[in-house]
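Undergrad:
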Amino acid sequence: MTVVYSLKNVVKERLTDGVGFRLVVPYVQIRAQEHIALIGHSGCGKSTLLDMLALILHPDESDQFSLHPIDGESHDINWMWQRRRQGHLSQIRKHHIGYVLQSGGLLPYLTVRENIELPRQLLKLPEDDSINSISRVLGIHRQLDKLPGLLSAGERQRVAFARALSHRPSILIADEPTAALDPITAQKIMAVVMELIKGLKITLITASHDWAHVYKMELRTLKQEAGPVDNGKVYQSRFSD
Ligand SMILES: Nc1ncnc2c1ncn2[C@@H]1O[C@H](COP(=O)(O)OP(=O)(O)OP(=O)(O)O)[C@@H](O)[C@H]1O
Ligand SMILES: [Mg+2]
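With this note's numbering applied, the sequence shown closes on residue 231, and no number is skipped along the way.
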């Protein structure tokens, strides 16, 4: 299978109130249609790495960061960040990546249908039956005219998945998408989402601190390990297979 992401010595550093955090990815390759989970405790850098994979956050250092979202398209992301090609990066993101944020991230003043339509409108895709069909699969077709605030937490997360998938991206990134739900609801939603992404041949990258759940779903894991702490000030976190 094609290599979708190829990362080598990618580093992101953050400093808050004098406490440093350093995320290091020595070498990771993600292939088309793989299902990956980033595993690690709170604060170890899962969201930071997902933001970099979503092309939202730029790495501070990188020997290689390339993305091959579909056949015939290959992008040197490293080069684009260095040249500050934000517009180009955002185009790639809009076309090929769907992102379910840790907080859900639905716009509260738009209806469910409008939220789901948004990524398609940004790409000027034609109106068709795709919103209705994905909503039926995810069991939210009766909620389309409501505002997100009137939905249950589980329904809101299903809407977040529908929105992330409505423009048919080749990559779905989901940051702890079911962490706020009870285990049974979480399992049910992920079962539907897994069926959907297998059918659509989508590459999935998710994050979780729930080991048991991830193993049950049979995902390939990228595990976090703590590295040395420099001068007692910088906490280093590494992700690898
Ligand atoms: N915008 C930011 N500016 C500075 N530091 C940040 C920022 N966002 C996160 N950090 C720091 O980076 C580190 C990693 O945070 P991150 O959100 O990636 O962790 P996480 O593994 O996703 O945690 P959680 O499981 O709680 O979501 C933490 O020490 C955090 O304080
Ligand atoms: Mg997080």
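Every residue, glycine too, gets a C-beta built ideally from N, C-alpha and C.
1. Please confirm whether any heavy atom of ligand 1 lies closer than 6 Å to the CB of Thr6.
2. Which residues, in chain order, sit with a beta-carbon under 7 Å away from any heavy atom of ligand 2?
3. Starting from the Cα of Ile187, find the closest Cα among Asp200, Ser160, Thr168 and Gln177 and give me that residue.
4. Closest by CA to Ser198, which one among Ala216, Gln226 and Thr168?
5. Measuring only from the beta carbon, is Phe11 closer than 6 Å to any heavy atom that is part of ligand 1?
6. Since Arg146 and Leu96 are thought to touch, with beta carbons under 8 Å apart, how far apart are those beta carbons, to the nearest angstrom?
7. Going by DSSP, what residue range makes up the beta strand (DSSP E) through Lys213?
8. Quick one: grab the DSSP three-state call for Lys2.
9. Can you determine whether any heavy atom of ligand 1 sits closer than 6 Å to the C-beta of Gly189, and answer yes or no?
10. Excluding the 5 residues preceding and the 5 following Ser52 in the sequence, name in chain order all residues of the same chain whose CB lies nearer than 6 Å to its CB.
11. Helix, strand or coil: which one does DSSP assign to Asp165?
12. Rank Arg73, Cys34, Gln76 and Val(-6) by C-alpha distance to the C-alpha of His10 and give the top, closest one.
13. Would you please state the rounded distance, in angstroms, between the beta carbons of Leu79 and Leu39? I believe it to be under 8 Å.
14. In whole angstroms, what separates the C-alpha of Val183 from that of Leu128?
15. Check Arg12 in the structure and name its three-state DSSP category.
16. Gly95: beta carbon under 6 Å from a heavy atom of ligand 1?
17. Less than 6 Å between the CB of Ser32 and some heavy atom of ligand 1, yes or no?
18. Which residues mark the beginning and the end of the alpha helix (DSSP H) in which Leu190 is found?
19. Note down the Cα distance separating Ala170 from Leu5, rounded to an integer number of angstroms.
20. Please classify Met42 as buried or exposed, where buried requires at least 16 other C-beta atoms within 10 Å of its C-beta.
TA: Once the coordinates are examined:
1. Along the sequence shown, read from residue 1 onward, the residue named residue 6 stands at position 16. Checking every heavy atom of ligand 1 against the Cβ of Thr6, one is found closer than 6 Å.
2. Lys36, Ser37, Gln92, Asp165, Glu166 and Ala197
3. Here residue 187 corresponds to residue number 197 of the sequence shown, with the count starting at 1. Minimum Cα distance to Ile187 is reached at Ser160.
4. For the purposes of this step, residue 198 is taken as residue 208 along the sequence shown, with counting starting at 1. Checking every option, the nearest Cα to that of Ser198 belongs to Thr168.
5. Taking the sequence shown and counting its residues from 1, one reaches residue 11 at position 21. Yes, ligand 1 has a heavy atom inside 6 Å of this Cβ.
6. Position 156 of the sequence shown, counted from the start, is the residue given in the question as residue 146. Position 106 of the sequence shown, counted from the start, is the residue given in the question as residue 96. Correct: roughly 6 Å between the Cβ atoms.
7. Start at 1 with the first residue of the sequence shown, and residue 213 comes out as number 223. Element bounds for Lys213: Arg210 to Ala216.
8. Translated into the one-based positions of the sequence shown, residue 2 becomes position 12. DSSP places Lys2 in strand when its eight states are reduced to three.
9. On the sequence shown, residue 189 is found 199 positions in, with the first residue counted as 1. Incorrect: Gly189 has no Cβ contact closer than 6 Å to ligand 1.
10. For the purposes of this step, residue 52 is identified with residue 62 of the sequence shown, where counting begins at 1. Excluding positions up to five away in sequence, the list reads Val0 and Asn68.
11. Residue mapping note: residue 165 aligns to position 175 of the sequence shown, counting from 1. Residue state, collapsed to three classes: strand.
12. The count along the sequence shown starts at 1 and reaches residue 10 at position 20. According to the sequence provided, residue 10 is Gly. The question's His does not apply to it. When each option's Cα is compared against that of Gly10, the closest is Cys34.
13. Here residue 79 refers to the residue found at position 89 when the sequence shown is read from its first residue. Here residue 39 refers to the residue found at position 49 when the sequence shown is read from its first residue. Leu79 to Leu39, Cβ: 17 Å. No contact.
14. Residue 183 sits at position 193 when you count from the first residue of the sequence shown. Residue 128 sits at position 138 when you count from the first residue of the sequence shown. About 8 Å.
15. Taking the sequence shown and counting its residues from 1, the one referred to as residue 12 is at position 22. The answer is strand: DSSP assigns Arg12 an E or B state.
16. Here residue 95 corresponds to residue number 105 of the sequence shown, with the count starting at 1. Gly95: no, Cβ never under 6 Å from ligand 1.
17. Position 42 of the sequence shown, counted from the first residue, corresponds to residue 32. Yes; taking the cut-off as 6 Å, the Cβ of Ser32 has a heavy atom of ligand 1 nearer than that.
18. Within the sequence shown, numbered from 1, the residue matching residue 190 stands at position 200. Counting along the chain, the alpha helix (DSSP H) containing Leu190 begins and ends at Pro173 to Leu190.
19. For the purposes of this step, residue 170 is taken as the residue at position 180 of the sequence shown. For the purposes of this step, residue 5 is taken as the residue at position 15 of the sequence shown. If you take the alpha carbons of Ala170 and Leu5, they lie about 28 Å apart.
20. As a working mapping, residue 42 is identified with position 52 in the sequence shown. Flag for Met42 reads buried.
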